[in-house]
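In this text, residue positions in the sequence shown follow our numbering: the first is 6, and each later residue adds one.
First up is the structure itself, then whatever we jot down about it.
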Amino acid sequence: VRRLRKDGVIETVRGRKGGLRLALKPAEINIGQIVRNYEDDMRIVECFDAETNTCPIAGACALTKTIGEALGAFQATLDRKTLADVLAESPKLNRNFG
């Protein structure tokens, strides 16, 4: 929550009716950017990190490229979505947070 507040994504409100609220409009919040900024590690397989990789077949494995392409497609999909898009696709969520 601190990082989201520091980065201007949310605001904290003190007092009896306080809490958290968005500091930006939902259409200004890109899901891909949020995931990249706040997800600590997108390396979903060991071989994505050359420094810690101990996989014995890393140099010969074609799966690394395939998983890398899949991760790129995942990130591209998230980049096409804003919080407004997600809320529009989720009527129940929109009622609670929209």
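Positions of the beta carbon are idealized from the N, C-alpha and C atoms, including for glycine.
query: The alpha helix (DSSP H) enclosing Gly77, as first and last residue numbers; result: Leu68 to Asp84
query: Beta-carbon contacts of Val91 that lie in its chain and below 7 Å, excluding the five residues immediately before and after; result: Ile36
query: Three-state class that DSSP yields for Ile10 in the structure shown; result: For the record, residue 10 in the displayed sequence is Arg; it is not Ile. Of the three classes helix, strand and coil, the one that applies to Arg10 here is helix, per DSSP.
query: Cβ neighbour criterion (16 or more within 10 Å) applied to Leu88; result: buried
query: The stretch 7-19 contacting the stretch 65-77, beta-carbon criterion three pairs below 8 Å; result: no
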